[in-house]
Amino acid sequence: MCGIAGIFNLNGEPASPNILKKMTDAIAHRGPDGEGHYTDGFVGLGHRRLAIIDLSPAGHQPMISANHQFVLSYNGEVYNFRELRIELERLGHHFYSQTDSEVVLNAWVEWGQDCVHRFNGMFAFSVWDKQKKTLYLVRDRYGIKPLYYAQWGNTFLFGSEQKAILQHPTARRIIDKKALLEYFTFQNIFTNRTLLKNVKLLQPASIAKIQYGKDTSLQIQQYWDYHFEEPKSPKDSREYHEELDRLLLQAVSRQLVTDVELGSYLSGGMDSGTLTALASKELPYIKTFTCGFDLSSASGLELAFDEREKAEAMSALYKTEHYEMVLKAGDMERCLPRLAYHLEEPRVGQSYPNYYAAQLASKFVKVVLSGAGGDELFGGYPWRYYRAVVNNDFEHYVDKYYSFWQRLIPNTEIKNVFAPIWDDVKDVWTRDIFRDIFLTHKNELNTPEDYINHSLYFEAKTFLHGLLVVEDKISMSHSMETRVPFLDNDLVDFAMKCPVNLKLNNLTDVVRINENETGGKKKKYFQKTNDGKQILRNVMKNYVPNSIVKGQKQGFSSPDASWFKGESIDFVKTKLFNGHTPLYDYLDRDSVEKLVNQHLDGDVNRRLFIWSLLNFEECCHIYE
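In my numbering, each residue carries its 1-based index in the sequence shown increased by 76.
Dropping the structure here:
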C-alpha cells in the first residue's frame, strides 16, 4: 500500500527530479517505509512505500521490467497474486521478490492492459511504456484506491492525492464551482470532478492513456461495471446460502495475507462482526478496534449511537485483543484541520469518527479489515429502495430516487444558497448528473426487482465509491492499509446475481402501499428497518450473535445533531457566522444562516449540512 505520483511533459521538456520529489514528499504519510523516483526525459514516476508484503528492498519502486520496456509505480494489494505468479512463471517470467507489485508488472508485460481482468484486489497504478512512449493510469473495479490527474498546458500530472499534484509549479488552486454545487446537492461528487478546477478523479474500473508526440489528449476506457440483475433461472435458496457462506470465508481468508500485523474494526454491527468472526478463526487473538460516543448530552435516536457494549460482547466471544476510545463533543473541532487536509475535499458522511478509529488502530496494526460494501451489495438500506419500487417508467423512477438523494439543501433553496455564483453554475442540471450514472446500465425496467437492482447499482457507483475514497484518505493519513473483504471479486459477482427476494423482506407488501396514505405500512417500511441483507443475516447466524443478526441497521455516526445545537454550538456559530470566512465567497450568508438556525433552534435536523459547511470552510483555507 503506497502513494504514487508522476509528471508527463507533453512538450518534451525534461521532468524535474526535484519537483517529483516534492510531489512524493507531500504524500509521505502514505508510504513512510521508503521512496523511489524514476525519470526518463519528459516522464517522471514517483513512489512512497508502505511495506505490507515482502518488507525487503526487493519491493522497491518504481519497478522496471526485465525487458526494460515498462516501468511500474503501484499502489494496492492484489490478493490472488500468488496464483498469478505461478501462471506467469510457467510462461517464462522470473521473479526477484515476493511482492504482488512484481506480479502486476509481469502481468502487464505478458497480457498488456487486459491483465486487469485477472486482478482480484484494490489498486491504482501507472505504467510507462518506453517503447510506445505511452503512459497508462489504472484504477481497480470499485475505486478502493484513488488516483487523481490534471493538465495545465503541456504538463500532465497524476497522484494518489491531490496534494501531490499541487506541488508542481504549474498547478492552480481554484475552486470548481460546478463541483461545489454537485456536492451540496448530493453530499458527494458523482462525476469525475473534484473541488479543485482541472483536477479530476479517475473513475473506478478505468484505464487512461496518454501518448507522447501524437494526439496528446487523455483517452479513458471503462473495463468493467456493476450489473445487478435477477437470475433467469434462480437456484434453490439453500444453494445461494451455501455459496455465500463459502465465498465469505474465501474472501476473508484471501485478505489475511500479510507480512505485518493485521486487525479489524469492530463497530458492534453485523458487517464488521462477520469479518472479525471469520478472521478470528485463522488469527487467534486478533486485535479489534471500536470508537464509542459520550451520549450524556445526546437525545432522541442518537441515544442508541454508542455500540461499545455490543462490540465488547463480540470481542469476548471471538477472543480478540480489544481496544476502544470514546469521542466527546469537541473532538470534531480538534481534528478538523488535520482531517480536512487529508480528505482534501468533503465527500459522503461525517468522517471524523472514522479518523479517530483509524488513529487508534494505527497504534497497533498496519492493516485493518473494514466492513464497507456489505450494505451496498446485499441491500442494507431497504427504506431507501422501497421509496422507488413502483413507477410508470424509468424517468419516473429517476425523478423519485433523485428527490431522495438531494441530501443537504432543499431544492427550493439551491438558487438562494448559491446566489453569489449562480451565473457560473446555473447550467448544471444535477438531475442529469444523477441520471447519467445509469448510462452504462440497461434502462428497461418492468418489475419492482428491476428497480431495486437499479438502486443497488446506483449506490454502488456513487455512495459506496464516496465511502471508499474517504476510507482510503483517512487510513492512509495514519500510514495504515484498509482492506474490504466484501469487495472480493467473486463475492461481488455473486451478490449482483443474487435474487432480490433473498436480500429484502416485505417487498411484496411495500409494492402494495398507497404512497398517498400516511402512517401504517408506509411509516413502518419507509423508516429504518432490519429488512435488508436477509441472506447475509441468515448465513451469519452461524458466526454472529442472534441479537446482532436481527439488529436494525445503524451507521457509524456520532451524535452531532445534539452536539451542534448543544456543546458545540459556539464552535458552529464562530466558524459559520463570522465575517471573515471564505465560505461566503461562494454561498449566500443569509440563506446559509437561515438553514443552520433551523437546526440550532431544533426545527430541522441539518447535521450533515452543518458538517459539510464546516468541512468546506476548512478546505477553503487549505486551498488559499
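The beta-carbon is built from N, C-alpha and C at its ideal position, and this holds for glycine as well.
Please read these numbers as outputs of a predicted model, since none were measured by experiment.
Contact check for G197 against V154 passes: the beta carbons are separated by less than 8 Å.
Counting of Cβ neighbours within 10 angstroms places A571 among the buried residues, the total reaching 16 or more. Sequence-distant partners of I513 (beyond 5 residues in either direction) whose C-beta falls short of 7 Å from its own C-beta, in its chain, are F266, F534, K537, T538. For Q227, the secondary structure class from DSSP, reduced to helix, strand or coil, is strand.
In this structure, D109 and S173 do not form a Cβ contact; the two beta carbons are roughly 14 Å apart against a cut-off of 8 Å. Scanning its chain for C-beta atoms nearer than 8 Å, with the 5 sequence neighbours on each side dropped, one finds around H169 the residues A142, N182, V185, E186, in chain order. Per DSSP, I624 is one residue of the alpha helix (DSSP H) stretching across 622-625. Under a 10 Å Cβ-count criterion, H303 is classified as exposed, with fewer than 16 other Cβ atoms of the shown protein chains found around its own Cβ. Burial state of F480 is exposed, judged by a 10 Å Cβ sphere holding fewer than 16 other Cβ atoms. Counting every other CB atom within 10 Å of its CB across the protein chains shown gives G229 a total below 16, marking it as exposed. Look at Y462 here: in three-state DSSP terms it is helix. Taking a cut-off of 8 Å for Cβ pairs, the segment 410-421 and the segment 542-555 touch, as three or more such pairs fall below it. It is roughly 15 Å from the alpha-carbon of S309 to the alpha-carbon of D526. S438 is classed as buried because its beta carbon has at least 16 other beta carbons within 10 Å across all chains shown. G344 is positioned such that its CB atom lies closer than 8 Å to that of A387. Around V465, the same chain offers P524, Y527, I528, L583, V586, V587 as residues with beta carbons nearer than 8 Å, after the five sequence neighbours per side are excluded.
R314 counts as exposed, since fewer than 16 other beta carbons sit within 10 angstroms of its beta carbon. For F365, there is no enclosing alpha helix (DSSP H); the residue is part of the beta strand (DSSP E) that begins and ends at 363-369. The beta carbons of A81 and S236 sit closer together than 8 Å. The three-state secondary structure of S309, taken from DSSP, is coil.
Remark: three or more beta-carbon pairs, one from each stretch, lie closer than 8 Å, so the segment 484-497 and the segment 658-670 are flagged as touching. Annotated as distal: V147 and L164, with beta-carbon spacing of 8 Å or more. Taking 8 Å as the cut-off, the Cβ atoms of Y619 and T350 count as close. For the pair Y218 and D564, the Cα-to-Cα distance works out to about 10 Å. Where H144 is concerned, there is no enclosing beta strand (DSSP E), because DSSP gives it neither an H nor an E. In this structure, V560 sits away from S427, with a CB-CB distance that is not shorter than 8 Å.
Here DSSP, grouped into helix, strand and coil, assigns P93 to helix. In this model, P413 and E694 are separated by some 6 Å (Cα to Cα). Residues of the same chain with a CB within less than 8 Å of the CB of I362, apart from the 5 flanking positions on each side, are L338, G339, S340, T352, A355, S356, Y394, T396, E397 in chain order. Two segments are said to touch when three or more pairs of C-beta atoms, one from each, lie closer than 8 Å; by this definition the segment 448-461 does not touch the segment 499-509. Nearest C-alpha to E358 among D347, I220, M346, V333: V333. Taking every protein chain shown into account, the CB of G542 has 16 or more other CB atoms within 10 angstroms, so this residue is buried. Comparing alpha-carbon positions, the option among L659, A405, M390 lying closest to F369 turns out to be A405. Rounded to whole angstroms, I250 and V328 show a C-alpha spacing of 42 Å. For G120, the enclosing beta strand (DSSP E) starts and ends at 119-125.
Assignment of D661 by DSSP, reduced to helix, strand and coil, places it in the helix class.
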